[in-house]
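**Student:** This is the structure I have questions about; it appears just below.
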Amino acid sequence: MTTTTKNTGFTEAERAAMKARAEELKAEGRKGAKKADDLEALLAKVAEMPDDERVMAERIHAIVTRVAPQLDPKTWYGMPAWASDGKVVCFFKPASKFGNRYSNLGFNDPALLDDGNMWSTEYALLRVGDDEARRIEQLVEQAAG
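The following block contains the structure:
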């Protein structure tokens, strides 16, 4: 369960995510950090997830790697993410990270999902079956350009 602290207003999970992001930024600043290190960090985060979320994250990673190989795997706030030129295009937010009812597949500003004056940037996921996988493929392909 996620609780709010009185001092900061941030939940324990939110503070942990901010700490993870600070560590990610430190690692990015170190010379010699390689894409292989980022991939290893992503796979390590996926391995830590509960089975149902791990299966979704593994499938999403396989989809992104296949349909948008130009995106670089990394972690972002301690979550699996895929980036272009260092900017996160899409990410997987497991439900357990913030005590949510469902996981999310999210897209940030670099994602080319524009559709008029309004479009979705996050999608709720309970599981990733074949239908969801096909839709994720379409979204990632469009997002990556």
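With the numbering used here, the residue at position 51 of the sequence shown is 1316, and numbering never jumps. In this text, a Cβ means the ideal position worked out from N, Cα and C, and glycines have one as well.
(1) Could you give the distance in angstroms between the alpha-carbon of Q1335 and the alpha-carbon of S1349?
(2) Does D1303 pass the burial test, meaning 16 or more other C-beta atoms within 10 Å, or should it be called exposed?
(3) Report yes if the C-beta distance between V1320 and E1406 is below 8 Å; otherwise report no.
(4) Apart from the five residues on each side of it in sequence, which residues of its chain come closer than 7 Å, Cβ to Cβ, to N1369?
(5) In chain order, what residues of the same chain have a beta carbon less than 8 Å from the beta carbon of M1314, not counting five sequence neighbours either side?
(6) Of the choices W1341, A1285 and F1363, whose alpha-carbon is the least far from that of F1372?
(7) Between which two residues does the alpha helix (DSSP H) carrying F1275 extend?
(8) From what residue to what residue does the beta strand (DSSP E) around D1340 run?
(9) Of the residues D1396, D1316 and F1356, which one's Cα is nearest the Cα of T1330?
(10) Near I1325, which residues of its chain fall below 7 Å by C-beta distance, leaving aside the five closest residues on each side in sequence?
(11) Measuring straight from C-alpha to C-alpha, what distance separates A1282 and N1382?
(12) Which same chain residues end up closer than 6 Å to E1279 when comparing Cβ atoms and leaving out the 5 residues on each side of it in sequence?
(13) Below 7 Å CB to CB, which residues in the same chain sit around K1300 once its five sequence neighbours on both sides are set aside?
(14) By the DSSP assignment, the beta strand (DSSP E) with S1368 in it spans what residues?
**Tutor:** Considering the structure as presented:
(1) Annotation: Q1335 to S1349 spans about 7 Å, alpha carbon to alpha carbon.
(2) By the beta-carbon neighbour count (other beta carbons within 10 angstroms, threshold 16), D1303 is buried.
(3) The answer is no: Cβ separation not under 8 Å.
(4) These residues qualify, in order along the chain: K1358, E1387, Y1388, A1389 and L1390.
(5) Answer for M1314: A1322, P1359 and S1361, listed in chain order.
(6) When each option's Cα is compared against that of F1372, the closest is W1341.
(7) Counting along the chain, F1275 falls outside any alpha helix (DSSP H), and DSSP gives it neither H nor E.
(8) Before going further, note that residue 1340 is Thr rather than Asp in the sequence given. That run of the beta strand (DSSP E) goes D1337 to W1341.
(9) Checking every option, the nearest Cα to that of T1330 belongs to F1356.
(10) Answer for I1325: F1357, L1370, V1393 and I1401, listed in chain order.
(11) Taking the straight line from one Cα to the other gives about 31 Å.
(12) Contacts found: none.
(13) Within its own chain, the residues whose Cβ lies closer than 7 Å to the Cβ of K1300, once the five positions on either side in sequence are excluded, are D1337, listed in chain order.
(14) It spans S1368 to F1372 - the beta strand (DSSP E) in which S1368 sits, taken as one unbroken run.
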